[in-house]
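K.L.:
Top to bottom, those sequences are chains A and B.
Residues 1 to 360 in UniProt numbering are what the first sequence lists, from first letter to last.
Residues 1 to 360 in UniProt numbering are what the second sequence lists, from first letter to last.
Each residue gets a CB set at the ideal place from its N, CA and C atoms; glycine is no exception.
Got a structure for you, questions after.
2 protein chains.
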Amino acid sequence: MKNTYFTPGPAELYPTFQQHIQTAFDKQLGSISHRSQAFRDIYKFTDEQLRTLLNIPKTHAIFFTGSASEVWERLLFNCVEHESFHLVNGSFSQKFYDYAGSLRKFAHKLEKPFGEGFDAADIEVPEYAELVCMTHNETSSGVQMRVADMHKLKKKYPKKLFCVDMVSSAPYPDLDYTLIDSAFFSVQKAFGMPAGLGVWIANQACLEKATRLQQYENLTIGAHHTLPTLWKHYKDFETPATPNVLYIYALGKIAEDFNKIGVGTIRKQTEEKAKMVYKFLEDSDLYSPFVKEERHRSQTVIVADTKKPSAEIIAEAKTAGMVIGSGYGAQKNSQIRIANFPATSAEQVQNLINYLSNSR
Amino acid sequence: MKNTYFTPGPAELYPTFQQHIQTAFDKQLGSISHRSQAFRDIYKFTDEQLRTLLNIPKTHAIFFTGSASEVWERLLFNCVEHESFHLVNGSFSQKFYDYAGSLRKFAHKLEKPFGEGFDAADIEVPEYAELVCMTHNETSSGVQMRVADMHKLKKKYPKKLFCVDMVSSAPYPDLDYTLIDSAFFSVQKAFGMPAGLGVWIANQACLEKATRLQQYENLTIGAHHTLPTLWKHYKDFETPATPNVLYIYALGKIAEDFNKIGVGTIRKQTEEKAKMVYKFLEDSDLYSPFVKEERHRSQTVIVADTKKPSAEIIAEAKTAGMVIGSGYGAQKNSQIRIANFPATSAEQVQNLINYLSNSR
Numbered sequence: 001m002k003n004t005y006f007t008p009g010p011a012e013l014y015p016t017f018q019q020h021i022q023t024a025f026d027k028q029l030g031s032i033s034h035r036s037q038a039f040r041d042i043y044k045f046t047d048e049q050l051r052t053l054l055n056i057p058k059t060h061a062i063f064f065t066g067s068a069s070e071v072w073e074r075l076l077f078n079c080v081e082h083e084s085f086h087l088v089n090g091s092f093s094q095k096f097y098d099y100a101g102s103l104r105k106f107a108h109k110l111e112k113p114f115g116e117g118f119d120a121a122d123i124e125v126p127e128y129a130e131l132v133c134m135t136h137n138e139t140s141s142g143v144q145m146r147v148a149d150m151h152k153l154k155k156k157y158p159k160k161l162f163c164v165d166m167v168s169s170a171p172y173p174d175l176d177y178t179l180i181d182s183a184f185f186s187v188q189k190a191f192g193m194p195a196g197l198g199v200w201i202a203n204q205a206c207l208e209k210a211t212r213l214q215q216y217e218n219l220t221i222g223a224h225h226t227l228p229t230l231w232k233h234y235k236d237f238e239t240p241a242t243p244n245v246l247y248i249y250a251l252g253k254i255a256e257d258f259n260k261i262g263v264g265t266i267r268k269q270t271e272e273k274a275k276m277v278y279k280f281l282e283d284s285d286l287y288s289p290f291v292k293e294e295r296h297r298s299q300t301v302i303v304a305d306t307k308k309p310s311a312e313i314i315a316e317a318k319t320a321g322m323v324i325g326s327g328y329g330a331q332k333n334s335q336i337r338i339a340n341f342p343a344t345s346a347e348q349v350q351n352l353i354n355y356l357s358n359s360r
Numbered sequence: 001m002k003n004t005y006f007t008p009g010p011a012e013l014y015p016t017f018q019q020h021i022q023t024a025f026d027k028q029l030g031s032i033s034h035r036s037q038a039f040r041d042i043y044k045f046t047d048e049q050l051r052t053l054l055n056i057p058k059t060h061a062i063f064f065t066g067s068a069s070e071v072w073e074r075l076l077f078n079c080v081e082h083e084s085f086h087l088v089n090g091s092f093s094q095k096f097y098d099y100a101g102s103l104r105k106f107a108h109k110l111e112k113p114f115g116e117g118f119d120a121a122d123i124e125v126p127e128y129a130e131l132v133c134m135t136h137n138e139t140s141s142g143v144q145m146r147v148a149d150m151h152k153l154k155k156k157y158p159k160k161l162f163c164v165d166m167v168s169s170a171p172y173p174d175l176d177y178t179l180i181d182s183a184f185f186s187v188q189k190a191f192g193m194p195a196g197l198g199v200w201i202a203n204q205a206c207l208e209k210a211t212r213l214q215q216y217e218n219l220t221i222g223a224h225h226t227l228p229t230l231w232k233h234y235k236d237f238e239t240p241a242t243p244n245v246l247y248i249y250a251l252g253k254i255a256e257d258f259n260k261i262g263v264g265t266i267r268k269q270t271e272e273k274a275k276m277v278y279k280f281l282e283d284s285d286l287y288s289p290f291v292k293e294e295r296h297r298s299q300t301v302i303v304a305d306t307k308k309p310s311a312e313i314i315a316e317a318k319t320a321g322m323v324i325g326s327g328y329g330a331q332k333n334s335q336i337r338i339a340n341f342p343a344t345s346a347e348q349v350q351n352l353i354n355y356l357s358n359s360r
């Protein structure tokens with residue numbers, strides 16, 4: 001009897017994933033050369049499916065890394081000469097900020113308490129900040145930033161580069177890539193795959209910045225997975241080093257599965273399932289939504305305060321075959337986190353709600 | 001009908017790989033948290049199996065990255081303040097050298113022509129070089145450096161850090177880790193897995209150097225996968241970011257499979273199969289071993305000059321279900337490369353030899 005994972009990543013695998021991997025084995029894709037036409041066709045297919053799904057224009061390229069955390073580093077190396085600016089309201093946006101310090105960049109931050117979110121009106125970007133780092137969905141606290149606010153901010157500061165961490169929400173956020181220079185995610189969240197692949201979307205402006213820093217400022221932009229090298233190989237649908245071919249293939253097939261359903265439908269289903277969970281939390285005596293402002297409540301990672309120690313709730317739910325996430329960091333034992341990704345159906349979410357309603 | 005891959009990586013999958021992945025699916029390892037005991041047990045198991053296989057002492061830790069190319073960058077960031085020294089005799093050792101330049105390190109190189117190898121007696125390490133970068137098996141040219149020469153060199157320069165790129169040969173080289181500070185490989189070569197995971201072995205001396213550079217020299221050693229962060233998490237068998245859990249699991253199981261056979265037997269089988277191929281090449285009118293000096297001939301990636309265009313040979317062999325590698329770079333159409341990894345049996349190698357003997 002298999003468990004259903006409502007954890008915020010690694011998460012429940014998408015129902016088709018295992019079949020896609022089986023097909024990959026049947027085609028011996030684990031052995032093909034990454035300099036072969038067979039691989040270039042896979043990269044091209046995944047690129048096309050992601051473009052359709054996320055509405056990515058031709059100005060932007062799509063690259064693969066080992067993880068989304070790696071993309072934090074690559075973005076800062078390639079797009080920041082001196083100063084970056086970070087909206088920080090949880091552990092992951094804080095880590096992105098910390099990476100800038102480790103790279104000896106001057107990192108500014110605007111900080112909000114854990115559980116609170118950002119609106120465009122709150123934000124003033126420092127004059128010399130080159131890259132504005134926003135987190136669409138803060139996985140640690142279940143807070144989202146509305147896409148409209150991100151777009152508004154870029155319109156206010158059109159000359160700065162804007163990037164979006166959508167690790168635990170893509171394909172939910174409907175970003176306007178004429179306003180967003182770069183965005184990234186990892187596959188072990190809403191795409192329902194095992195961990196081991198990061199996806200980095202970046203435009204010409206990012207590439208130009210990286211090229212300038214490397215060629216004219218004599219700065220290091222790193223050596224592995226630099227934007228100029230990634231882009232050069234991308235033109236032929238190749239990668240600079242041997243990539244995770246099997247997962248790139250599976251990601252393309254899952255994106256295709258999503259496209260068959262339609263991203264509009266997936267987003268609507270996500271909102272409907274989130275509504276079910278938030279309603280349950282609001283009506284419950286034992287749980288309450290952690291994020292107070294409705295507009296900042298994540299649609300994909302729902303965080304609840306618990307009356308009793310959350311470790312007990314998690315242990316009990318597991319006996320019923322449902323795995324839910326603990327609170328993050330200091331909230332480990334006073335909160336639960338419920339992932340709401342496409343891999344879990346409305347019926348499965350209802351089962352979880354029924355279980356939590358009936359257990360004391 | 002499946003092909004047999006004699007390509008030097010990605011390569012033929014090890015016969016047990018698919019079963020290990022099936023077991024991982026049955027156990028839902030694609031969904032488990034990388035902060036759970038279940039994951040820590042997997043990391044610990046893989047660590048133990050690799051230690052047994054490669055005879056790695058407790059002074060060294062074992063880390064996971066996205067690829068071995070990533071390790072080139074991490075090693076240079078973490079272990080070089082100013083100067084590195086590289087033995088360059090092919091495309092991959094050259095890339096390692098190039099990475100140092102991209103990181104704005106002062107990189108020395110001792111270069112040999114494509115197809116030639118290094119002996120300890122040839123080598124003088126520049127006075128201020130901090131890290132000596134050696135390639136055990138140059139995948140592009142089929143040249144190996146003997147382990148005894150590596151050890152001799154370290155004894156001559158005991159104060160410098162020594163690292164070994166064994167990407168396309170591990171577990172074949174029997175390194176003495178009292179003399180080798182760091183070594184690394186990727187899983188899509190002799191371990192018979194799909195690409196997507198790099199393995200980095202490093203000792204306390206590397207860690208101390210990285211800590212000093214970061215804390216006292218105020219240098220950047222990168223932000224993602226720095227040695228101090230990797231090591232801190234390693235103590236609990238965790239990783240700083242979400243790793244490729246499934247592949248770490250499979251690597252541990254394949255290392256266990258190798259240990260059941262015994263690394264001595266695997267090394268002996270490798271040498272016997274290599275001998276078969278080299279003998280065939282020497283006796284043939286149509287092929288000849290590219291590497292002239294026997295002591296420099298790779299046991300795991302065998303390169304042959306071909307009389308007729310190698311593209312024709314490769315296309316013909318493919319019709320018989322055998323995939324062999326082309327020459328690298330400029331040698332693309334005048335050479336073939338035959339991988340000799342544990343995944344292909346003596347019988348399969350004999351079949352390839354028979355086929356090549358009978359085709360004109």
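1. Taking DSSP as the reference, what is the three-state secondary structure of I353 of chain B?
2. Can you list, in chain order, the residues of its chain whose CB lies under 6 Å from that of F191 of chain A, leaving out five sequence neighbours each side?
3. Residues in the region 90–117 of chain A with C-beta within 7 Å of chain D's C-beta atoms, listed in sequence order?
4. Compare the C-beta of I254 of chain A against all C-beta atoms of chain B and say whether one is closer than 8 Å.
5. Should N137 of chain A be flagged as near chain B, meaning a C-beta pair shorter than 8 Å?
6. At a CB distance below 8 Å, what residues from the region 20–35 of chain A approach chain B? Give them in sequence order.
7. Since V80 of chain B and E111 of chain B are thought to touch, with beta carbons under 8 Å apart, how far apart are those beta carbons, to the nearest angstrom?
8. Determine, for T211 of chain B, whether the minimum Cβ-Cβ distance to residues of chain A falls below 8 Å.
9. So the beta strand (DSSP E) I248 of chain A belongs to, where does it begin and stop?
10. List the residues that DSSP assigns as beta-bridge partners of N137 of chain A.
11. Quick one: any contact between the region 198–208 of chain A and the region 59–73 of chain A, if contact means 3 or more CB pairs under 8 Å?
12. Starting from the Cα of R297 of chain A, find the closest Cα among A:T52, A:F118, A:G101 and give me that residue.
13. Do Q188 of chain A and P10 of chain A count as a contact pair if the criterion is CB distance below 8 Å?
14. From G196 of chain B to S168 of chain B, what does the alpha carbon distance come to, in whole angstroms?
15. What does E83 of chain B pair with, by DSSP beta-bridge criteria?
16. Quick one, which of B:N218, B:D181, B:V125 has its alpha-carbon nearest A205 of chain B's?
17. Tell me M1 of chain B's beta-bridge partners as DSSP assigns them.
18. So, A129 of chain B versus H108 of chain B, is the Cβ gap smaller than 8 Å?
19. Considering only DSSP beta bridges, list what E208 of chain B is partnered with.
20. Taking one C-beta from the region 13–21 of chain A and one from the region 209–224 of chain A each time, how about it: are there three or more such pairs within less than 8 Å?
21. When you compare only the Cα positions, how much space is there between Q94 of chain A and F290 of chain A?
22. So, for A343 of chain B: in the same chain, excluding its five sequence neighbours on each side, which residues have a beta-carbon less than 6 Å away from its beta-carbon?
23. In terms of residue numbering, what span does the beta strand (DSSP E) encompassing D305 of chain B cover?
24. What span of residues does the beta strand (DSSP E) with R337 of chain B cover, start to end?
25. Which chain A residues sit within Cβ distance under 8 Å of E12 of chain B?
26. Using 8 Å for Cβ pairs, my map puts H301 of chain A next to G142 of chain A. What's the rounded Cβ distance?
27. How close, in whole Å, do the beta carbons of F237 of chain B and I353 of chain B come, if the pair is a contact with beta carbons under 8 Å?
28. Residues of chain A with a CB under 8 Å from the CB of K2 of chain B: which are they?
29. Tell me the residue span of the alpha helix (DSSP H) that contains F25 of chain A.
30. DSSP three-state label for F6 of chain A, please.
31. Between G252 of chain B and T46 of chain B, which are expected to be in contact by the criterion C-beta below 8 Å, what is the C-beta distance as a whole number of angstroms?
32. Measure from the C-beta of Y234 of chain B to each C-beta in chain A and report whether the shortest distance is under 8 Å.
33. Would you say the region 329–338 of chain A touches the region 145–159 of chain B, given that touching needs at least three Cβ pairs under 8 Å?
34. Quick one: is P194 of chain B near chain A, going by C-beta distance under 8 Å?
35. Just the chain A side, please: which residues come within less than 9 Å of L246 of chain B by C-beta, in chain order?
36. Using 10 angstroms around the beta-carbon of D285 of chain A, count the other beta-carbons present and answer buried if the total reaches 16, otherwise exposed.
P.N.:
Inspection of the coordinates gives the following:
1. On the second sequence, residue 353 of chain B is found 353 positions in, with the first residue counted as 1. Correct three-state label for I353 of chain B: helix.
2. Here residue 191 of chain A refers to the residue found at position 191 when the first sequence is read from its first residue. Same-chain partners within the cutoff: I254.
3. Within the model displayed, chain D is absent; protein chains A and B are what it includes.
4. One-based indexing of the first sequence puts residue 254 of chain A at position 254. No, no contact with chain B.
5. What you label residue 137 of chain A is simply residue 137 of the first sequence in a count that begins at 1. Taking Cβ atoms only, chain B never reaches closer than 8 Å to N137 of chain A, which makes this a no.
6. Taken in chain order, the members of the region 20–35 of chain A whose beta-carbon sits within less than 8 Å of a beta-carbon on chain B are I21, F25, Q28, L29, G30, S31, I32, S33, H34.
7. By one-based count along the second sequence, residue 80 of chain B stands at place 80. By one-based count along the second sequence, residue 111 of chain B stands at place 111. Actually they are not in contact, since the Cβ atoms of V80 of chain B and E111 of chain B sit about 19 Å apart, beyond 8 Å.
8. Residue mapping note: residue 211 of chain B aligns to position 211 of the second sequence, counting from 1. So, not an interface residue.
9. Working through the first sequence from its first residue, we reach residue 248 of chain A at position 248. From DSSP, I248 of chain A is part of no beta strand (DSSP E) but of the alpha helix (DSSP H) over 245–261.
10. Reading the first sequence from its first residue, position 137 is the one you call residue 137 of chain A. Note: N137 of chain A sits in a beta bridge opposite A:Q144.
11. Contact holds: three or more Cβ-Cβ distances are below 8 Å.
12. As a first step, residue 297 of chain A is located in the first sequence; it is residue number 297 there, counting from the start. In terms of Cα proximity to R297 of chain A, the closest of A:T52, A:F118, A:G101 is A:F118.
13. Start at 1 with the first residue of the first sequence, and residue 10 of chain A comes out as number 10. Start at 1 with the first residue of the first sequence, and residue 188 of chain A comes out as number 188. Going by C-beta atoms, P10 of chain A is nearer than 8 Å to Q188 of chain A.
14. Here residue 196 of chain B refers to the residue found at position 196 of the second sequence. Here residue 168 of chain B refers to the residue found at position 168 of the second sequence. Whole-angstrom Cα-Cα distance: 14 Å.
15. Taking the first residue of the second sequence as position 1, residue 83 of chain B is located at position 83. Answer by DSSP bridge pairing, in chain order: B:F106.
16. For the purposes of this step, residue 205 of chain B is taken as residue 205 along the second sequence, with counting starting at 1. A205 of chain B has its Cα closest to that of B:D181, out of B:N218, B:D181, B:V125.
17. Mapped onto the second sequence, residue 1 of chain B falls at position 1. Its beta-bridge partners do not exist; DSSP assigns none.
18. The residue given as residue 129 of chain B occupies position 129 in the second sequence. The residue given as residue 108 of chain B occupies position 108 in the second sequence. Contact flag set, yes.
19. Here residue 208 of chain B refers to the residue found at position 208 when the second sequence is read from its first residue. According to DSSP, residue pairing for E208 of chain B in a beta bridge does not occur.
20. Counting C-beta pairs closer than 8 Å gives fewer than three between the region 13–21 of chain A and the region 209–224 of chain A, which falls short of the contact rule.
21. As a position in the first sequence, residue 94 of chain A is number 94, starting the count at 1. As a position in the first sequence, residue 290 of chain A is number 290, starting the count at 1. Rounded to whole angstroms, the gap between the alpha carbons of Q94 of chain A and F290 of chain A is 19 Å.
22. Here residue 343 of chain B refers to the residue found at position 343 when the second sequence is read from its first residue. Sequence-distant partners of A343 of chain B (beyond 5 residues in either direction) whose C-beta falls short of 6 Å from its own C-beta, in its chain, are E12, Y14, G192.
23. Within the second sequence, numbered from 1, the residue matching residue 305 of chain B stands at position 305. Following the DSSP letters along the chain, one finds D305 of chain B inside the beta strand (DSSP E) bounded by residues 301–306.
24. For the purposes of this step, residue 337 of chain B is taken as the residue at position 337 of the second sequence. For R337 of chain B, the enclosing beta strand (DSSP E) begins and ends at 335–339.
25. Numbered from its first residue, the second sequence carries residue 12 of chain B at position 12. When 8 Å is used as the limit between beta carbons, E12 of chain B is near these residues of chain A: S31, in chain order.
26. On the first sequence, position 301 is the one that residue 301 of chain A refers to. On the first sequence, position 142 is the one that residue 142 of chain A refers to. In the sequence on display, residue 301 of chain A carries Val and not His. About 5 Å separates the Cβ atoms of V301 of chain A and G142 of chain A, confirming a contact at the 8 Å cut-off.
27. Position 237 of the second sequence, counted from the start, is the residue given in the question as residue 237 of chain B. Position 353 of the second sequence, counted from the start, is the residue given in the question as residue 353 of chain B. About 44 Å separates the Cβ atoms of F237 of chain B and I353 of chain B, ruling out a contact at the 8 Å cut-off.
28. Residue mapping note: residue 2 of chain B aligns to position 2 of the second sequence, counting from 1. What K2 of chain B touches in chain A: Q28.
29. What you label residue 25 of chain A is simply residue 25 of the first sequence in a count that begins at 1. First-last of the alpha helix (DSSP H) with F25 of chain A: 17–26.
30. By one-based count along the first sequence, residue 6 of chain A stands at place 6. Residue state, collapsed to three classes: strand.
31. Along the second sequence, read from residue 1 onward, the residue named residue 252 of chain B stands at position 252. Along the second sequence, read from residue 1 onward, the residue named residue 46 of chain B stands at position 46. About 3 Å; that satisfies the 8 Å criterion.
32. Within the second sequence, numbered from 1, the residue matching residue 234 of chain B stands at position 234. Among the residues facing chain A, Y234 of chain B is not included, as its CB has no counterpart in that chain under 8 Å away.
33. No: the two stretches stay apart, fewer than three of their Cβ pairs being nearer than 8 Å.
34. Locating residue 194 of chain B in the second sequence gives position 194, where the first residue counts as 1. Interface criterion met: the Cβ of P194 of chain B is under 8 Å from a Cβ in chain A.
35. Against the second sequence, residue 246 of chain B aligns to sequence position 246. The answer, in chain order, is P194, A195, G196.
36. Walking along the first sequence from the start, residue 285 of chain A turns up at place 285. Label assigned to D285 of chain A: exposed.
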